[in-house]
Amino acid sequence: MNDVLYSVDDGVATVTLDRPEAMNSLTVRMKTELLEALTRASQAFAVRAVLLTGSGRAFCAGQDLNEHAANLEAGRGLNDTVRAHYNPIVRTIAEMGKPVIAAVNGVAAGAGASLAFACDLRIASEKAKFAMAFTGIGLAPDSGASWTLQRLVGPARAAELLLLGEPLDATRAMELGVVSKVVPAEELDAAARALAVRLAQGPTAAYAATKRALAFAADSGLGEALELEADLQDACAKTDDHLNATRAFLKKERPVFEGH
Ligand code: T3D
2 MNDVLYSVDD GVATVTLDRP EAMNSLTVRM KTELLEALTR ASQAFAVRAV LLTGSGRAFC
62 AGQDLNEHAA NLEAGRGLND TVRAHYNPIV RTIAEMGKPV IAAVNGVAAG AGASLAFACD
122 LRIASEKAKF AMAFTGIGLA PDSGASWTLQ RLVGPARAAE LLLLGEPLDA TRAMELGVVS
182 KVVPAEELDA AARALAVRLA QGPTAAYAAT KRALAFAADS GLGEALELEA DLQDACAKTD
242 DHLNATRAFL KKERPVFEGH
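Terminal number for the sequence shown in the working numbering: 261, no gaps in between.
Structure (structure tokens):
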């Protein structure tokens, strides 16, 4: 891979968008590599949590507008590019049975903000900024921002952010619940890594079930959500992690989760 870095340590796959000279904006090559990295993390048994971050001063400035302009000049529409590249990336993050954390090191604009919103947790540097840059260039939200953002901040605030496109700094993002923690820039790597390692040492099957339950409940009635919860709980109850953690609790010991 050239523009996306991938490494695994302590059960954590770190996926780094690495085109800092263009603020990690997304070309076809970068989106292809990002999907490959996320798919690899999702399928690797040894990986139990994923950390997504950016090199340099940006998290991700969204679509590379040079490539985008060339596409427009060539008369190519966006129907295929959004479906072919952005949608599979977002689905892979949302559907993988492992927690995905965005370590938002700087500006996250357009589809870059959408990528952060698609993750399960967001931890931000004081220098982070979220810019819903879509309408600023005459586009509508993509990569799931219309779905994720209103679930993070509520429909009225999401409409305001997406229509007006005014950036959120890290403090405001924290106030609105877009991020769960803000840390000084120099502490972001360590703080995000500590969170990812903690999750990688947790009950992976229970996390997968929690992701599934949350995604399902977002679109279903209480009755259906109760039914799925019952099925998922039954599956979790059959894991070694649950059995061992219950025994550990009764012996007043710390549980050790093996991830199955
Ligand atoms: O084709 C499709 O599939 C459509 C899909 C669209 C999804 C989208 O993501 S739409 C939204 C696209 N993104 C944007 O509109 C954001 C554009 N960038 C900005 O608004 C600003 O650059 C930032 C808010 C991200 C950062 O501002 P600032 O002042 O910190 O930095 P800057 O000076 O504007 O940018 C620094 C460099 O990065 C600059 O290049 P230079 O002059 O140093 O050579 C700038 O052109 C470049 N850059 C920033 N964003 C992009 C970019 N180059 C290409 N594409 C970008 N998106």
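Beta carbons are placed, not taken as given, at the ideal position from N, Cα and C, and that holds for glycine.
- Beyond the five residues adjoining it in sequence on each side, Glu-230 comes within less than 7 Å, by CB distance, of Ala-214 in the same chain, given in chain order.
- Restricting attention to alpha helix (DSSP H) runs no shorter than 4 residues, the stretch 83 to 108 encloses them at 88 to 96, ordered along the chain.
- Distances from the CB of Val-108 to the heavy atoms of the ligand T3D include at least one below 6 Å.
- For Gly-55, the enclosing beta strand (DSSP E) starts and ends at 50 to 55.
- Comparing alpha carbon positions, the residue from Asn-245, Gly-222, Leu-169, Arg-58 closest to Ala-186 is Arg-58.
- Here Gly-111 is buried, its C-beta having at least 16 other C-beta atoms within 10 Å.
- For Phe-250, the enclosing alpha helix (DSSP H) covers residues 241 to 251.
- In this structure, Gly-145 sits near Ser-115, with a CB-CB distance shorter than 7 Å.
- The alpha-carbon separation between Asp-241 and Ala-47 amounts to approximately 17 Å.
- Take Arg-152, set aside five residues on each side of it, and the residues of its chain with a beta-carbon closer than 8 Å to its own are Ala-219, in chain order.
- Pairing Cys-237 with Ala-201 gives a Cβ-Cβ distance that is not under 7 Å.
- Between the ligand T3D and Gly-139, a heavy atom-to-CB distance of less than 6 Å is absent.
- For Lys-212, the enclosing alpha helix (DSSP H) has its first and last residue at 205 to 218.
- Arg-123 is bridged by DSSP to Ala-103.
- Distances between the C-beta of Phe-118 and the heavy atoms of the ligand T3D are all 6 Å or more.
- Comparing alpha carbon positions, the residue from His-243, Gln-44, Thr-136, Phe-250 closest to Leu-163 is Thr-136.
- Within the same chain, Cβ atoms closer than 7 Å to the Cβ of Pro-168 are found at Lys-130, Phe-131, Ala-132, the five residues on either side in sequence being excluded.
- Within the same chain, and ignoring the five residues on either side of Gly-260 in sequence, the residues whose Cβ sits closer than 6 Å to its Cβ are Arg-49, Thr-205.
- Buried is the label assigned to Pro-100, since at least 16 other Cβ atoms lie within 10 Å of its Cβ.
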